[in-house]
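Single-structure report; data block below.
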Amino acid sequence: MIRTLDFFISLFGLLLLLPLSIIIFVIGFFYNGAPLFYQERIGQNEKPFILVKFRTMRKDTLSVASHIADVSAITPFGHFLRKTKLDEIPQLWNVLKGEMSIVGPRPGLFNQHELRSARKRYGVFLVRPGITGLAQINNIDMSTPEFLAKTDARMIKSFSVYFYFKYIFLTLLGMGQGDTVRDNR
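The sequence shown begins at 13 in the numbering used here and counts up by one.
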């Protein structure tokens with residue numbers, strides 16, 4: 013049921029948001045020459061996949077979790093994309109392909125060993141990662157791996173179609189601020 017919802021919502025979302033995506037792509041291309049960002053992430057059953065987003069940081073930024081990156085790496089256009097969550101639109105492609113769900117635990121990086129270990133213990137890798145979920149709407153990021161893994165497990169245990177739509181709705185209303193980036197200024 014959820015996979016069917018994911019498929020149709022992501023397909024509809026990609027088609028509906030295509031004009032806006034083209035505008036963001038063109039602005040991103042002229043802004044930094046590389047409007048899309050690709051990064052290997054951990055998917056369901058710890059299978060790797062390539063996550064795609066609109067680029068919000070300079071091209072020379074190291075491929076690390078957002079909470080490790082410095083806020084100065086975010087471009088002015090990137091700040092706008094993060095604040096409005098428009099940087100997430102290309103992930104609908106990951107959902108359409110079946111690598112992600114609209115709702116689920118945010119996919120981590122392979123070098124986040126503490127988070128990966130905690131998620132293994134709590135069975136978080138048994139489900140597809142998602143664009144949004146309980147942790148995202150509550151501003152729980154990857155800087156607190158154990159707490160994040162427990163929150164993800166709690167979401168998975170109580171998951172239903174009701175919560176699927178609730179998390180989407182709360183995200184669209186602006187709940188959650190996205191991945192935290194430290195400010196070293």
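Where is the CB? At the ideal position from N, CA and C, for every residue including glycine.
Query                                                                                                         : Result
Outcome for Arg133 when other beta-carbon atoms lying within 10 angstroms are tallied against a minimum of 16 : exposed
Short Cβ contact (9 Å threshold) for Arg3 with Gln51                                                          : Residue 3 is absent from the structure shown; the chain starts at 13 and stops at 197.
Near the ligand NAP: Gly145 beta-carbon under 8 Å from a heavy atom                                           : Summarising the ligand content, the structure contains no ligands, and the ligand NAP is consequently not present.
Endpoints, beta strand (DSSP E) assigned at Ile62                                                             : 60-66
Environment of Leu63 [buried if 16+ CB atoms lie within 10 Å]                                                 : buried
Given Gly135 as reference, the closest of Gly116, Pro102, Arg67 once Cα atoms are compared                    : Gly116
Reference Lys71; option with closest CA among Phe89, Phe49, Lys59, Ile39                                      : Phe49
Beta bridge counterpart(s) of Leu48 as assigned by DSSP                                                       : Phe66
According to DSSP, residues forming a beta bridge with Arg53                                                  : Phe61
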